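Worksheet for the structure shown next.
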Amino acid sequence: MIAASPVPLRVGIMGGTFDPIHHGHLVAASEVADEFGLDEVVFVPTGAQPFKLDRDVTVAEHRYLMAVVATASNPRFTVSRVDIDRPGVTYTIDTLRDLHAAYPGAELFFITGADALSQIMQWKDVSELLKLAHFVGVTRPGHDLSAEELPPGEYSLHEIPAMAISSTDCRQRVIADKPVWYLVPDGVVQYIGKHRLYKDVSTITERLA
Ligand code: ATP
Ligand code: MG
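Under numbering that gives the first Met the number 0, read the sequence shown as residues 0 to 208, first letter to last.
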C-alpha cells in the first residue's frame, strides 16, 4: 500500500523592519492566515534593507524582541532570526531559501503590503522569488494595490481592514511624546518605554550608507 503523502504545511512569511511592529502588520498576517488557511505565520525582522540603507534603524535585537512580544499570545505566529543573523544586506531571496530549508516541503506565502508589492520587480532575483513563494499583496491605506508588472497567476491580492498605521508615524509619536497606545500591542508600548527606543541614540544601529 502506498502511504498517503503528508499534506504540505502552509506557512506565511511576514517580512518587515518592524521598527516597531504595529497592529497593521498583525492584522495583515491574521487576515491572510485566515483567507489562505495557513498553519503558521513567521514574522521575519529584516537586517539592513536595500531600500532603507540611508535611514537609521533600531538595533535588530530590539526589533526582534518587539516582534516576539507582539506575537507571543498567538499560537500560529512565530518569529524567525534568519535575516538578522545573516550578515550583510537582507534580500528576500535569501529569506525564502532559508525558510525553505527550515520548513522542508512547506508551501510558502509571502505577505506584503501594497507599498512593498509595487517595488517587487526591483527586488533581487525576482523570477526565482516568485517560484519560491506565492506572493500575497494586502491593501494599505494611502497605497494602490496593484501588481500589474507581475506575471498573472504568480500572486494574489487581498483586501484587509484598513489600518492607517505606519512604523514611521509610531516612531515620530514617541519622539514627540505622543501616545502609541492601541497602535502597537500593549507589551510593545511598554518595551519601547523600558528601553527608551526612539529617544536614546544608543538603541540605533549605524546607517550603512
Ligand atoms: P516604515 O514606516 O518604517 O517603513 P511600515 O509601517 O511600512 O514601517 P514595515 O516594517 O516597513 O512597516 O512593513 C513590513 C510589511 O508590512 C510591508 O510589506 C508593509 O507593506 C506591510 N505593512 C505595514 N503597515 C501596514 C498596514 N498598516 N497595512 C497593511 N500592510 C502594512
Ligand atoms: Mg515600510
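All residues carry an ideal CB built from backbone N, CA and C; glycine is no exception.
All values reported here derive from a predicted model rather than from experimental measurement.
Rounded C-alpha distance that separates residue i from residue j
| i | j | result |
| --- | --- | --- |
| residue 24 | residue 186 | 15 angstroms |
| residue 127 | residue 141 | 29 angstroms |
| residue 12 | residue 194 | 27 angstroms |
| residue 182 | residue 124 | 34 angstroms |
| residue 172 | residue 116 | 26 angstroms |
| residue 204 | residue 47 | 10 angstroms |
| residue 209 | residue 177 | This structure cannot settle anything about residue 209, because the visible part of the chain is limited to 0 through 208. |
| residue 121 | residue 180 | 35 angstroms |
| residue 98 | residue 71 | 20 angstroms |
| residue 91 | residue 27 | 18 angstroms |
| residue 21 | residue 101 | 26 angstroms |
| residue 207 | residue 6 | Residue confidence is low: residue 207 scores 47 on pLDDT, short of 50, so the model does not pin down where it sits. Its coordinate-derived value is still stated next. Their Cα atoms are separated by approximately 43 angstroms. |
| residue 80 | residue 196 | 20 angstroms |
| residue 96 | residue 82 | 11 angstroms |
| residue 138 | residue 114 | 9 angstroms |
| residue 163 | residue 131 | 30 angstroms |
Continuous beta strand (DSSP E) stretch holding residue i: start and end
| i | result |
| --- | --- |
| residue 80 | Careful: residue 80 lies outside any beta strand (DSSP E) and carries neither H nor E. |
| residue 107 | 106 to 112 |
Alpha helix (DSSP H) segment containing residue i, residue limits
| i | result |
| --- | --- |
| residue 170 | 166 to 174 |
| residue 148 | That residue, residue 148, is in no alpha helix (DSSP H); it is neither H nor E in DSSP. |
| residue 186 | 185 to 193 |
| residue 95 | 91 to 101 |
Closest by C-alpha distance to residue i, when choosing among the options
| i | options | result |
| --- | --- | --- |
| residue 159 | 122, 111, 196, 84 | 111 |
| residue 135 | 184, 40, 85, 61 | 40 |
| residue 62 | 44, 174, 72, 49 | 44 |
| residue 35 | 9, 20, 50, 19 | 9 |
| residue 74 | 17, 148, 38, 138 | 38 |
| residue 166 | 66, 131, 149 | 66 |
| residue 192 | 15, 19, 146 | 19 |
| residue 133 | 146, 155, 144 | 155 |
| residue 129 | 184, 94, 188, 69 | 94 |
| residue 76 | 96, 14, 131 | 14 |
| residue 201 | 49, 60, 145 | 60 |
| residue 170 | 162, 157, 188, 161 | 188 |
| residue 68 | 42, 199, 50 | 42 |
Per-residue DSSP class, three states only, for residue i
| i | result |
| --- | --- |
| residue 12 | strand |
| residue 125 | helix |
| residue 35 | coil |
| residue 134 | strand |
| residue 50 | helix |
| residue 179 | coil |
| residue 72 | coil |
| residue 57 | strand |
| residue 21 | coil |
| residue 85 | coil |
| residue 155 | strand |
| residue 26 | helix |
| residue 40 | strand |
| residue 45 | coil |
| residue 118 | coil |
> Does the pairing of the segment 28 to 47 with the segment 101 to 118 give three or more beta-carbon distances under 8 angstroms?
Replying inline: In this structure the segment 28 to 47 lies against the segment 101 to 118, because at least three pairs of beta carbons, one per stretch, are closer than 8 angstroms.
> Just checking, does the segment 85 to 92 make contact with the segment 54 to 66 on the three C-beta pairs under 8 angstroms criterion?
Replying inline: With a cut-off of 8 angstroms on Cβ pairs, the segment 85 to 92 is not in contact with the segment 54 to 66, counting fewer than three such pairs.
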